[in-house]
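Taking it in order: structure first as structure tokens, then the write-up.
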Amino acid sequence: MSRASLRRVALGCLMGALGSGTVGPVATARADVIVLRGGGQVEGKVVPASVSAQSKSKSKDSRVEILLLKSKTPLMLRKEQILEIVPKASPLDEYLVKREKAAATAPAQFELGQWCESNKLGDLARVHYEAALEHDKTLVAAHQKLGHVEHAGQWVSRDELRKAQGLTKHKGRWITEDEKTKQDEQALTTAGQAAWVRRIKLMVQGVLSGAPDRRREAETQFMQIRDPEAVWPLVKVMGGAETDLRILLAQTLGEIPGKESAQALVRLILAEEEDVVRGVVLDRLKKSDDPGIQPQLVRALGSNDLRVVNRAAWTLGNLDAVGAVPRLLNVLVTSEERLVLVPPPTGGQGPGFPPILMAWNGNSAAYMIPPAVGAGSVAFGATVVPGVFALDPYNPGVPLGPTLGGGDYPGSMGGNRGPTPRLMTFTYQNVEVLGALVKLTEQDFGYDVDQWRQWVARSFNPRPNPVRRVPQP
Numbered sequence: 180m181s182r183a184s185l186r187r188v189a190l191g192c193l194m195g196a197l198g199s200g201t202v203g204p205v206a207t208a209r210a211d212v213i214v215l216r217g218g219g220q221v222e223g224k225v226v227p228a229s230v231s232a233q234s235k236s237k238s239k240d241s242r243v244e245i246l247l248l249k250s251k252t253p254l255m256l257r258k259e260q261i262l263e264i265v266p267k268a269s270p271l272d273e274y275l276v277k278r279e280k281a282a283a284t285a286p287a288q289f290e291l292g293q294w295c296e297s298n299k300l301g302d303l304a305r306v307h308y309e310a311a312l313e314h315d316k317t318l319v320a321a322h323q324k325l326g327h328v329e330h331a332g333q334w335v336s337r338d339e340l341r342k343a344q345g346l347t348k349h350k351g352r353w354i355t356e357d358e359k360t361k362q363d364e365q366a367l368t369t370a371g372q373a374a375w376v377r378r379i380k381l382m383v384q385g386v387l388s389g390a391p392d393r394r395r396e397a398e399t400q401f402m403q404i405r406d407p408e409a410v411w412p413l414v415k416v417m418g419g420a421e422t423d424l425r426i427l428l429a430q431t432l433g434e435i436p437g438k439e440s441a442q443a444l445v446r447l448i449l450a451e452e453e454d455v456v457r458g459v460v461l462d463r464l465k466k467s468d469d470p471g472i473q474p475q476l477v478r479a480l481g482s483n484d485l486r487v488v489n490r491a492a493w494t495l496g497n498l499d500a501v502g503a504v505p506r507l508l509n510v511l512v513t514s515e516e517r518l519v520l521v522p523p524p525t526g527g528q529g530p531g532f533p534p535i536l537m538a539w540n541g542n543s544a545a546y547m548i549p550p551a552v553g554a555g556s557v558a559f560g561a562t563v564v565p566g567v568f569a570l571d572p573y574n575p576g577v578p579l580g581p582t583l584g585g586g587d588y589p590g591s592m593g594g595n596r597g598p599t600p601r602l603m604t605f606t607y608q609n610v611e612v613l614g615a616l617v618k619l620t621e622q623d624f625g626y627d628v629d630q631w632r633q634w635v636a637r638s639f640n641p642r643p644n645p646v647r648r649v650p651q652p
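If you number the sequence shown the way my numbering does, the last residue is 652 and the count never jumps.
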């Protein structure tokens, strides 16, 4: 009898045993390479399909399951789809034996999960860690194996934690809703948006033209835009333009319905440096009824840029966002650590003049060092500092690279000459945050955060305006 004939006989015997139920997953458990009819093969273990799996199948033909080495979900196939089974040893052999013997308890399922993990059956290990939690949801070790973290007194997956933190998954990365919106807007996803970009550029040319009639016509065209798909092209073309065009941009966005235009207006007001433009944007925000405006501004209070924090606070105050008061308190006074260049001790070398930047080429900085005073002479020197400390020589304290080095001790500058970088704490009192708090609460405790918190705990009402009630008949 040929080898192929023997394989067909073995397959027939196995299928017959599976069909009659006389062969369990233990008796003849051997790892297989399953050759599929029509081409292709998978590596795993053929076992009888579970009752629940058979019931889910709409087909009435007999089926089998294939346990896979790299998946927690078995592959279900019809028996006729399997052409040949080639024996090949793997950890699935012993797994089937252990699975059959494992008790339906949390410790037993957890132990089986550990065995699977140690035998490179990671997906199956997760199956049994999850099974352990079904029996005991307080089993900390199983939660840790599954990568769960404790949040607000509950064990949650890392994805659930990120969702609770207000993040969203976008292209495989967890980012904020604002970041997702920005990324979406940076890509022209539709032909319609590309067409809008071209059209808006022509309209901008009309606004900038010297002819008054052409300018009025173009401005009228802008104010007639109502398509939400035009929001991103408008911001792309006009967001960095001159003041008049940014005002026109705010006015145009204010006429477009939908959350896209409201989100764009919030981003404009947070980035805008000129008061006159911010005033126009604020006017459009006041007229909008989009519920996402205030939450977006509250999230901006957590920005690392204090300019954004103060603009967000100013806007919240002018929108009468009383509910934002507790969040405003968190940023009334803020602190940050910055690396700064500190002049070295002068010793006997004069009154301690600070070093003066003479040149910077992006890699090294040249400083004039304090004068050396001698009998009847004053001599200045210079030193070149490698730019490895990440400090902007024009703006001390702003990081650019890893560390300034080259001296005789860590963090020193060449030859112990020139300024030394130090980590210093800077505290800021945010003026616009205080202004918003005073406006929203009609109280003024200055920058005394503790006194503000005491007042909030004692007297703050996040809904000062009573809910309007309809008289009952």
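Don't be surprised by glycine CBs; every beta carbon is placed ideally from N, CA and C.
In angstroms with no decimal places, state the Cα-to-Cα distance between residue i and residue j.
i: Asp-499; j: Asn-609; result: 19 Å
i: Val-445; j: Val-510; result: 19 Å
i: Glu-339; j: Arg-393; result: 54 Å
i: Val-577; j: Val-501; result: Note that Val-577 scores a pLDDT of 47, beneath 50, so its modelled location is shaky; the value from the coordinates is reported in the next line. Each residue's Cα considered, the two are about 35 Å apart.
i: Ala-410; j: Ala-429; result: One point to set straight first is that residue 410 is Val, not Ala, in the sequence displayed. Rounded to whole angstroms, Val-410 to Ala-429 spans 11 Å at the Cα level.
i: Leu-485; j: Gly-458; result: 20 Å
i: Gln-362; j: Ala-479; result: 17 Å
i: Leu-447; j: Gly-419; result: 10 Å
i: Val-635; j: Val-488; result: 21 Å
i: Trp-294; j: Trp-334; result: 24 Å
i: Pro-641; j: Val-504; result: 8 Å
i: Ser-241; j: Glu-408; result: 52 Å
i: Gln-630; j: Asp-623; result: 10 Å
i: Asp-468; j: Asp-406; result: 18 Å
i: Val-612; j: Glu-439; result: 27 Å
i: Gly-332; j: Gly-218; result: 52 Å
i: Arg-637; j: Val-477; result: 23 Å
i: Phe-639; j: Thr-620; result: 8 Å
i: Ser-297; j: Asp-357; result: 42 Å
i: Ala-443; j: Ile-472; result: 10 Å
i: Leu-318; j: Leu-275; result: 24 Å
i: Gly-594; j: Trp-353; result: With a pLDDT of only 45 at Gly-594, under the threshold of 50, the placement of this residue in the model should not be trusted; the figure read from the coordinates follows. Whole-angstrom Cα-Cα distance: 46 Å.
i: Gly-617; j: Gly-481; result: Correcting the residue type first, residue 617 is Val in the shown sequence and not Gly. So the alpha carbons of these two residues sit roughly 20 Å apart.
i: Thr-355; j: Asn-483; result: 15 Å
i: Gln-384; j: Val-456; result: 21 Å
i: Lys-350; j: Ser-388; result: 42 Å
i: Arg-278; j: Ile-264; result: 22 Å
I'd like to check one pair, residue j with residue i: are the Cβ atoms closer than 7 Å?
i: Ala-310; j: Gln-288; result: yes
i: Gly-223; j: Leu-256; result: no
i: Ala-492; j: Leu-507; result: yes
i: Asp-302; j: Lys-251; result: yes
i: Ala-283; j: Leu-291; result: no
i: Thr-513; j: Tyr-607; result: yes
i: Pro-412; j: Trp-375; result: yes
i: Val-386; j: Ala-373; result: no
i: Ile-404; j: Thr-431; result: yes
i: Ile-213; j: Val-226; result: no
i: Asp-315; j: Ala-343; result: no
To the nearest whole angstrom, what separates the beta carbons of residue i and residue j, a pair I think is in contact under 8 Å?
i: Met-382; j: Glu-434; result: Actually they do not touch by this definition, with Cβ atoms about 14 Å apart.
i: Val-328; j: Arg-341; result: About 10 Å; that fails the 8 Å criterion.
i: Leu-700; j: Leu-300; result: Outside the displayed range of the chain (180 to 652) lies residue 700, so it cannot be described from this structure.
i: Ala-320; j: Leu-312; result: So it is not a contact: roughly 10 Å between Cβ atoms.
Can you tell me whether residue i is buried or exposed? The criterion is at least 16 other CB atoms within 10 Å of its CB, across all chains shown.
i: Gly-531; result: Confidence in Gly-531 is poor, its pLDDT being 49 and thus under 50, which makes the residue's placement unreliable; the coordinate value appears in the next sentence. Looking at its Cβ environment, which holds fewer than 16 other Cβ atoms inside 10 Å, Gly-531 is exposed.
i: Ser-269; result: buried
i: Met-417; result: buried
i: Val-552; result: Residue placement at Val-552 cannot be trusted, given a pLDDT of 46 that sits under 50; the coordinates are not used to answer.
i: Pro-253; result: buried
i: Arg-216; result: exposed
i: Ala-441; result: buried
i: Glu-244; result: buried
i: Val-475; result: The sequence given here has Gln at residue 475, not Val. It counts as buried.
i: Asp-211; result: buried
i: Gln-633; result: exposed
i: Ala-228; result: buried
i: Ala-558; result: Here the model assigns Ala-558 a pLDDT of 45, short of 50, so the residue's position is not dependable and the matter cannot be decided.
i: Ala-615; result: buried
i: Val-460; result: buried
i: Val-390; result: For clarity, residue 390 is Ala in the given sequence; the question names Val instead. Label assigned to Ala-390: exposed.
i: Lys-380; result: exposed
i: Arg-395; result: exposed
i: Val-414; result: buried
Is residue i close to the ligand MG? I mean its beta-carbon at under 6 Å from any heavy atom of the ligand.
i: Thr-494; result: Looking at this structure, you won't find the ligand MG or any other ligand, since it has none at all.
Three or more C-beta pairs closer than 8 Å, one from the segment 461 to 469 and one from the segment 488 to 507: is that the case here?
yes
Answer yes if the segment 449 to 456 comes into contact with the segment 423 to 437, meaning at least three C-beta pairs across the two stretches below 8 Å, and no otherwise.
yes
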